[in-house]
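Residue numbers (my numbering), protein chains in the order written: chain F, 1 to 113; chain A, 1 to 116. Glycine residues also receive a C-beta, built at the ideal position from the N, C-alpha and C atoms. Remarks on the structure that follows.
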């Protein structure tokens, strides 16, 4: 079974530019999550999709962040315009309904300069 | 509201020695508790989870953790460290499901170093 796939693995962009991160969950996993780890800090929840619907987006920092999940399959997280404080590692994870414990992707390391 | 405290951002042990990584949690609802490990350049991997069954939970790679409600702790242990255990370890807590999924609150992580 393929795991959770994220790309790009690394992205370096200038302040003010737009970046789109993509996550392909494990096939059949209805739950998809985005988390972020800023340097030296804890991993923080951003949002949770159930299929194509946003179940909980309480962790989204501000309206520069837009997440979508087309047809309940892959998800994108767009940052527009990017700011320096958006730098960090963005993790995606997926799980089956009713299953504790996710499968995480390897993360996208975003650097805003 | 939930929170997790991991004592010690860096822990160093000798190969063959006991590994003890500390985790204390705060939760207003019965907690579900997790330990994840991140090896260099990899994603987070689930080591073990407590979901209100047995309080002593065994995980992969010889790790185990004990849920102690009275101490609000979920410390991770391994009797004998191996060089391959060097990684960053994260403790996390969640509440019950919402919409069939569960949101995790993580600690700040503990970097484990294993020395010869």
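Please identify the residue among the options whose C-alpha is closest to the C-alpha of residue i.
| i | options | result |
| --- | --- | --- |
| residue 60 of chain F | F/37, F/73, F/111, F/27 | F/37 |
| residue 46 of chain A | F/102, F/112, F/107 | F/102 |
| residue 81 of chain F | F/20, F/5, F/9 | F/20 |
| residue 65 of chain F | F/93, F/56, F/53, F/46 | F/46 |
| residue 73 of chain A | A/11, A/9, A/20, A/10 | A/20 |
| residue 53 of chain A | A/68, A/62, A/23 | A/68 |
| residue 23 of chain F | F/63, F/48, F/98 | F/48 |
Which chain C residues are close to residue i, counting only those with a beta carbon under 7 Å from its beta carbon?
| i | result |
| --- | --- |
| residue 90 of chain A | Chain labels in this structure do not include chain C; the protein chains are F and A. |
Any beta carbon of chain A sitting closer than 8 Å to that of residue i?
| i | result |
| --- | --- |
| residue 10 of chain F | no |
| residue 87 of chain F | no |
| residue 50 of chain F | yes |
| residue 107 of chain F | yes |
| residue 95 of chain F | yes |
| residue 62 of chain F | no |
| residue 90 of chain F | no |
| residue 74 of chain F | no |
| residue 101 of chain F | yes |
| residue 56 of chain F | yes |
| residue 28 of chain F | no |
| residue 98 of chain F | yes |
| residue 104 of chain F | yes |
So with Cβ pairs under 8 Å, would you call residue i a contact of chain F?
| i | result |
| --- | --- |
| residue 49 of chain A | yes |
| residue 106 of chain A | yes |
| residue 42 of chain A | yes |
| residue 98 of chain A | yes |
Exposed or buried, residue i, counting other C-beta atoms within 10 Å across all chains shown (16 or more means buried)?
| i | result |
| --- | --- |
| residue 50 of chain A | buried |
| residue 60 of chain A | exposed |
| residue 113 of chain A | exposed |
| residue 2 of chain F | exposed |
| residue 65 of chain A | buried |
Just checking my contact of residue i with residue j at CB under 8 Å: how many whole Å lie between their CB atoms?
| i | j | result |
| --- | --- | --- |
| residue 6 of chain A | residue 26 of chain A | Not a contact, Cβ separation roughly 13 Å. |
| residue 15 of chain F | residue 89 of chain F | Actually they are not in contact, since the Cβ atoms of residue 15 of chain F and residue 89 of chain F sit about 18 Å apart, beyond 8 Å. |
| residue 15 of chain A | residue 104 of chain A | The Cβ separation is near 31 Å, so there is no contact. |
| residue 44 of chain A | residue 104 of chain F | 4 Å |
| residue 57 of chain F | residue 108 of chain A | With 8 Å as the limit, residue 57 of chain F and residue 108 of chain A do not qualify as a contact, their Cβ atoms being about 23 Å apart. |
Using a Cβ distance threshold of 8 Å, determine whether the stretch 33-40 of chain A contacts the stretch 85-100 of chain A, with at least three qualifying pairs required.
yes
Three or more C-beta pairs under 8 Å: does that hold for the stretch 68-80 of chain F against the stretch 29-44 of chain F?
yes
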